[in-house]
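Just so you know, the sequences run in chain order A and B.
Taking our numbering, the leading residue of the first sequence gets 16, the next gets one more, and so forth.
Taking our numbering, the leading residue of the second sequence gets 779, the next gets one more, and so forth.
See below for the structure under consideration.
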Amino acid sequence: MTRLWAASRLTYAALIAAGVLSIFPIYWMFVVASRSNDAMGQLPPPVTPGGNFGANVSRLLNNTDAYFVAGLVNSAIVATTVTVSVVFFSTLAGFAFAKLRFRGRNALLMVIIATMMVPTQLGVIPLYLLMTKLNWNDRLPAVIVPALVTGFGVFMMRQYAGQAVSNELIEAARVDGCNTVRIYWNVVLPALRPAAAVLGLLTFMTTWNDFLWPYAVLNDPENPTVQLALRTLSDGYYTDMSQVFTGTAIATLPLLLVFVLFGRQIIGGIMEGAIKA
Amino acid sequence: MTVQLDARPPVAPAPRTGRRPPAMRFSRLDTKYSPYLFVAPFFVLFGVFGAYPLIYTFWVSLHDWDLLGSNHPFVGLENYSRLLADADFWHAVVNTLGIFVISTIPQLLAALWLANLLNRQLRARTTFRMAVLIPNITSTAAVAIVFGVLFGREFGMVNWLLDLVGIDAIAWKSNRFASWVAISTMVDWRWTGYNALIFLAAMQAIPRDLYESAAIDGAGRARQFWSITVPLLKPTIIFTVIISTIGGLQLFTEPRLFHSGTNPIRGGTLRESQTVTMYMFENAFAPHYNFGYGSAVAWLLFALIAVVAAINVLLLRRLGGAKPPKDAKSKEGAR
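Rendered as structure tokens:
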């Protein structure tokens, strides 16, 4: 029977082809980022890195119209804050849904699942009006505060808490006189750590990549996120593609780093979430 | 020092009477109300920044509401009737549906196939999984810019490759259908590997003895795939189709950054690849700032998503007409 599951050479060839197709655009981004602009007009297109990366980086950093460094700093602030908040509130609510008894629990959980299916991005116009009222337009709270909680995070932590935290442990802590907050902090949070880490990584990457809402609400070109700085570069510097590609490469680098270090855990998180959902 | 520690008087037990009732009262309040306290942050924040704006969009869409006007008169359904007669809106709807169809169908088929390959006994399993997931974790904006160059008319790599096999250069940005294909390629590049992992997870939950008995009955690999794998994957397939519908019909970043230069929010000079979300932005924000009209676009898009998702679910219900084996059905239920 193992014959059915054995991988033939053809299987490997197909998988290698899929892998090459997946990686090539990213690889090529670094190729162009390390060459001069002449590379853009060459046929056949160059596919090996050049020696111009340093020069391109310094041209990008000295470009006073792109605000690229400001974008990097802003994105780091936004993504970190959102990640900490999403992990905290998701573990808190996920614990309550999985392990505590209260009236309306199932109904509230259905609401959370429903929010995952609702295209909230269609609410950008009133959200923009709300930010104007709060005087948050063009400022970072406008992109941070609406992202502080996600239904996906709560649901994921609820699923994980159901199996990772034993009821006996919680009961024992209660008998020892722990109140619910201490149970969360000392018993539940340590048990949730592996899943919370995956949620944190996914949240960080999604927030770092977010484009639509920052594009709507951060209109001051001097205060962009890194993706908006890329927009500025792409719209205005299409004659200087090696600089634009240097920007895209630097913006992608933190994500690649996270993925190389924690790819296994991220894949595990995605696949586990898929079966339980 | 240690001597002193040892010399401590034994800790007297706390006096029980008089202290216990308040502690118990606290404990009862704690177990009763803590759960609500724990879930409240989600509901408060989501309510204010998620649900309220979505519902309020409908209210705004009933008004003549722009950036400068200090009052916004109620106009009833006028924005909607104007929108239904707006050729540019329908043009964007057709673009969105076109891109959605030519991206989603190949994407899910390729993901199924890829998952089937990944489900074999492989060396370097994790490496292959990581390789196909990489597109999904990179920045959408960065990738859209890169693909914009790969699909360039004069010096783009795609046209160069086509030239090698004798196909004339294609104007990927100014030909409407070609721009749909280019943008779909971008979407598929990003999502195929992700969906393959979702399918793979579901495939691994299928008990192997089903395949073994099918093989004994003489079913080949292809037959097993269509008669066992696909029917048992139906819930997962429906899930991914719904997610793809919700995401695909709101497509924005890829087409927006595929175009550069002047007025890229129009998706090309003749709106070749302007999606509905881009049309909403063009009206609601720069340059028009017509919030009322933009909100009407948002609600019609919402309706479109609901209709397309419902059609997809109805179609998929019929999928795998070849009935799965009986015991497979019961195992699916147990999962």
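Just so it is clear, CB atoms sit at the ideal spot from N, CA and C, and this is done for glycine as well.
Just so we're clear, the structure is a prediction, and the values are computed from it rather than from any experiment.
Residue from the options with nearest C-alpha to residue i
| i | options | result |
| --- | --- | --- |
| MET935 of chain B | B:ALA919, B:THR916 and B:ALA960 | B:ALA960 |
| VAL232 of chain A | A:VAL139, A:PHE83 and A:LEU271 | A:VAL139 |
| GLY811 of chain B | A:PHE117, A:PHE112 and A:VAL72 | Per the sequence presented here, residue 811 of chain B reads as Tyr, with Gly not at that position. The shortest Cα separation from TYR811 of chain B among A:PHE117, A:PHE112 and A:VAL72 belongs to A:PHE117. |
| PHE260 of chain A | B:VAL921, B:LEU892 and B:MET802 | B:VAL921 |
| ILE92 of chain A | A:MET286, A:VAL160 and A:ARG173 | A:VAL160 |
| PHE836 of chain B | A:ILE41, A:LEU58, A:THR135 and A:SER23 | A:THR135 |
| ALA85 of chain A | A:THR263, A:VAL190 and A:LEU243 | A:LEU243 |
| TRP228 of chain A | A:PRO40, A:ALA70 and A:VAL158 | A:VAL158 |
| PRO205 of chain A | A:LEU216, A:ASP191, A:MET146 and A:ILE185 | A:ILE185 |
| ILE902 of chain B | A:GLY65, A:THR26, A:THR263 and A:ASP255 | Residue identity check: residue 902 of chain B is Ala in the sequence provided, not Ile. Measuring from the Cα of ALA902 of chain B, the nearest candidate turns out to be A:THR26. |
| VAL1019 of chain B | B:ILE1089, B:ILE945, B:ASP864 and B:ALA863 | B:ILE1089 |
| ASN1068 of chain B | B:PRO1009, B:HIS850 and B:ALA889 | B:HIS850 |
| PHE277 of chain A | A:VAL180, A:PHE219 and A:PHE170 | A:PHE219 |
| PHE955 of chain B | B:ALA1081, B:VAL872, B:LEU846 and B:LEU807 | B:VAL872 |
| TYR82 of chain A | A:MET286, A:LEU245 and A:ALA264 | A:LEU245 |
| ARG120 of chain A | B:PHE933, B:HIS869, B:TRP969 and B:ALA818 | B:ALA818 |
| LEU163 of chain A | A:PHE274, A:ALA94, A:GLY66 and A:TRP200 | A:ALA94 |
| MET44 of chain A | A:VAL62, A:GLY56, A:LEU107 and A:ASN238 | A:VAL62 |
Contact with chain A by residue i, beta-carbon distance below 8 Å
| i | result |
| --- | --- |
| ARG1001 of chain B | no |
| LYS1104 of chain B | In this prediction, LYS1104 of chain B scores a pLDDT of 42, lower than 50, which makes its location untrustworthy; no coordinate-derived value is stated. |
| VAL924 of chain B | yes |
| MET1056 of chain B | no |
| GLY971 of chain B | yes |
| MET981 of chain B | no |
| LEU895 of chain B | yes |
| VAL1085 of chain B | no |
| PRO851 of chain B | no |
| MET935 of chain B | yes |
| GLY847 of chain B | no |
Helix, strand or coil at residue i according to DSSP, with G and I counted as helix
| i | result |
| --- | --- |
| PHE117 of chain A | coil |
| PHE758 of chain B | The question about residue 758 of chain B has no answer, for chain B in this structure spans 779 to 1113. |
| ASN1068 of chain B | strand |
| PRO141 of chain A | helix |
| LYS810 of chain B | helix |
| LYS1107 of chain B | Note that LYS1107 of chain B scores 39 on pLDDT, short of 50, meaning its location in the model is unreliable and no value can be drawn from it. |
| VAL164 of chain A | coil |
| ASP235 of chain A | coil |
| HIS869 of chain B | helix |
| TYR199 of chain A | helix |
| TYR252 of chain A | coil |
| TYR82 of chain A | coil |
| GLY34 of chain A | helix |
| GLY288 of chain A | helix |
| GLY56 of chain A | helix |
| GLU186 of chain A | helix |
| ALA829 of chain B | helix |
| PRO64 of chain A | coil |
| ILE282 of chain A | helix |
| SER957 of chain B | helix |
Beta carbon proximity, residue i to chain B, threshold 8 Å
| i | result |
| --- | --- |
| SER73 of chain A | no |
| PRO40 of chain A | yes |
| THR266 of chain A | Note on residue identity: the sequence assigns Ala, not Thr, to residue 266 of chain A. At least one chain B Cβ lies under 8 Å of ALA266 of chain A. |
| MET16 of chain A | Residue placement at MET16 of chain A cannot be trusted, given a pLDDT of 43 that sits under 50; the coordinates are not used to answer. |
| TYR175 of chain A | no |
| ALA292 of chain A | Because ALA292 of chain A carries a pLDDT of 46, less than 50, the predicted location of this residue cannot be relied on, and the following value inherits that uncertainty. Taking Cβ atoms only, chain B reaches closer than 8 Å to ALA292 of chain A, which makes this a yes. |
| ARG50 of chain A | no |
| SER181 of chain A | no |
| MET171 of chain A | no |
| GLN242 of chain A | yes |
| ASP53 of chain A | no |
| SER257 of chain A | no |
| TYR82 of chain A | no |
| VAL46 of chain A | no |
Paired residues, beta bridge with residue i - DSSP
| i | result |
| --- | --- |
| ALA21 of chain A | B:GLN899 |
| HIS841 of chain B | B:PHE852 |
Straight-line gap, residue i to residue j (C-alpha atoms, nearest Å)
| i | j | result |
| --- | --- | --- |
| SER249 of chain A | VAL1075 of chain B | 27 Å |
| VAL110 of chain A | ASN224 of chain A | The residue you asked about is not Val; residue 110 of chain A is Phe in the sequence shown. Each residue's alpha carbon lies about 28 Å from the other. |
| ILE912 of chain B | LYS114 of chain A | 35 Å |
| ARG1096 of chain B | TYR972 of chain B | 25 Å |
| GLY876 of chain B | TRP958 of chain B | 7 Å |
| ARG1113 of chain B | ALA176 of chain A | Residue placement at ARG1113 of chain B cannot be trusted, given a pLDDT of 32 that sits under 50; what the coordinates show is reported in the next sentence. One C-alpha to the other measures close to 19 Å. |
| PRO40 of chain A | LEU855 of chain B | 46 Å |
| ARG197 of chain A | LEU137 of chain A | 39 Å |
| GLY284 of chain A | ASP946 of chain B | 45 Å |
| ILE883 of chain B | LEU815 of chain B | 44 Å |
| ASP864 of chain B | VAL822 of chain B | 38 Å |
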